[in-house]
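The opening residue of the sequence shown carries number 328 in the working numbering; numbering runs sequentially from there. Below: one structure, written as structure tokens.
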Amino acid sequence: MPRDIPRSMKKKPMSFLPGLLLALTLGWACIAPAFGEADHYLCDEPRPLQKLLSQRWFGYEFPVRVYIPPVPFEVKQPEMYMPLVKTAFQSWTEYAPFATFTFVDAPKKANIVIEWKSDFKNEDAWGMAYYPAIYQSKNKILRHRSKIFLAIKAQLGSGMTVNEPVYFSYDELFLIAQHEVGHALGLNHSNTDGDIMCGGCSDMMGRMMGKITSRDIQTLKFLYSLPVKIKKHPCRI
Ligand SMILES: [Zn+2]
């Protein structure tokens with residue numbers, strides 16, 4: 328399960344070479360000019376090929392159906408949360424128009440379900456999400472499902488708090504939600520500061536930083552452009 332590790336500041340060397348080799352071997356360069364050089368972070372956290380190819384939504388699953396429940400805790404601004412998460416989903420669509428979502432009124436109708444938590448207690452994360460997991464529906468169609476866990480407060484010791492858990496502001500929770508939607512779309516962590524999918528990026532106060540960058544979008548487009556029958560792993564693992 329992808330997790331956020333806000334306290335970690337560790338950085339790994341970037342992997343330009345696999346991306347370059349990949350662009351050459353797969354002819355990905357044909358879609359690259361819009362972004363310049365082939366640059367994605369799929370190999371920052373490489374997964375086995377079978378997982379890489381299956382942990383993404385089929386074209387016919389878009390728009391993916393999402394259920395966002397009301398926050399089940401007492402909060403100052405209960406009306407803030409549902410539109411916040413909705414906007415986080417839509418912000419991906421803005422940059423990657425193929426990744427569309429529709430919002431449904433019951434978990435049974437959804438393929439991505441949001442679950443609210445008060446905070447993550449002893450977990451080293453501010454949000455969590457499953458990669459899309461494949462399953463066969465009742466009418467024998469292959470589909471995916473995912474779940475995103477969001478908290479309304481930062482837990483003790485996670486860098487943001489002093490003595491007691493504090494409520495995430497709109498901006499903080501929005502970044503966390505954007506990041507978790509990235510996982511629910513099949514994206515792994517990036518090692519580069521500034522990407523919304525950076526796994527260990529935080530400022531001195533432990534607050535998460537980042538926004539959806541062209542690398543986030545390039546990586547998403549690259550993931551979805553990999554042919555189903557590809558035999559060679561793009562990261563050569
Ligand atoms: Zn994460």
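The beta-carbon is built from N, C-alpha and C at its ideal position, and this holds for glycine as well. Quantities reported herein were computed from a predicted structural model and do not represent experimental measurements.
Original post:
Skipping 5 residues on each side, what residues in its chain have a beta carbon closer than 7 Å to that of Q505?
Top reply: A415, S418, I523, I539
Subject >> Best match in A423, W443, H367 for proximity to V402 [C-alpha to C-alpha] >> reply: W443
**OP:** Please state whether DSSP places Q377 in a helix, a strand or coil.
**Re:** helix
Subject >> Endpoints, beta strand (DSSP E) assigned at A460 >> reply: 460-463
Subject >> Three-state secondary structure assigned by DSSP to L483 >> reply: coil
Original post:
In the structure shown, what three-state DSSP assignment does D498 receive?
Top reply: helix
Original post:
Identify the residues that DSSP records as bridge partners of W419: which are they?
Top reply: Paired residue(s): none; W419 is not in a bridge.
**OP:** Use the C-beta contact count for I557: other C-beta atoms within 10 angstroms, 16 or more gives buried, fewer gives exposed.
**Re:** exposed
Original post:
Hey, would you say H367 sits closer than 8 Å to Q545, going by beta carbons?
Top reply: yes
Original post:
How about G526: is its Cβ closer than 7 Å to a heavy atom in ligand 1?
Top reply: yes
Original post:
Mind checking R438: buried by the 16 CB within 10 Å criterion, or exposed?
Top reply: The amino acid occupying residue 438 in the given sequence is Asn; Arg does not appear at that position. Counting Cβ neighbours within 10 Å, N438 comes out buried, since at least 16 surround it.
Original post:
What is the rounded straight-line gap between the Cα of Y457 and the Cα of V493?
Top reply: 25 Å
Subject >> Distance, L502 Cα to A527 Cα >> reply: Sequence inspection shows Gly at residue 527; the Ala mentioned does not correspond to that position. Between G527 and L502, the C-alpha separation is close to 13 Å.
**OP:** Within the same chain, show all residues whose beta-carbon is closer than 6 Å to that of P340, passing over the 5 residues directly before and after it, in chain order.
**Re:** Summary for P340: the model assigns pLDDT 32, below 50, so the residue's position carries little reliability, and this model does not support an answer.
Original post:
Starting from S473 and walking both ways along the beta strand (DSSP E), at which residues does that stretch end?
Top reply: 469-478
**OP:** From the DSSP output, read off the bridge partner residues of A538.
**Re:** Note on residue identity: the sequence assigns Lys, not Ala, to residue 538. According to DSSP, K538 bridges with D522.
Original post:
How big is the Cα-Cα spacing for V391 and L477?
Top reply: 19 Å
Original post:
Where G354 and Y422 are concerned, what is the direct C-alpha to C-alpha distance, given to the nearest angstrom?
Top reply: Bear in mind that a pLDDT of 36 at G354, under 50, signals an unreliable position, so the model cannot answer this.
Original post:
Using the C-alpha atoms, what's the distance from I479 back to F447?
Top reply: 9 Å
**OP:** Drop a sphere of 10 angstroms on the beta-carbon of N466, count the other beta-carbons inside from all chains shown, and report buried for 16 or more, exposed for fewer.
**Re:** exposed
Original post:
Across which residues does DSSP place S517 in a beta bridge pair?
Top reply: C525
**OP:** Counting only the same chain and skipping the five closest in sequence on each side, list residues whose C-beta sits under 6 Å from that of D543.
**Re:** D522, I523, M524
Original post:
Measuring CB to CB, does L380 end up less than 8 Å from L512?
Top reply: no
**OP:** Please find out if some non-hydrogen atom of ligand 1 comes closer than 7 Å to the beta-carbon of H506.
**Re:** yes
Original post:
Secondary structure at T429, three-state DSSP: helix, strand or coil?
Top reply: strand
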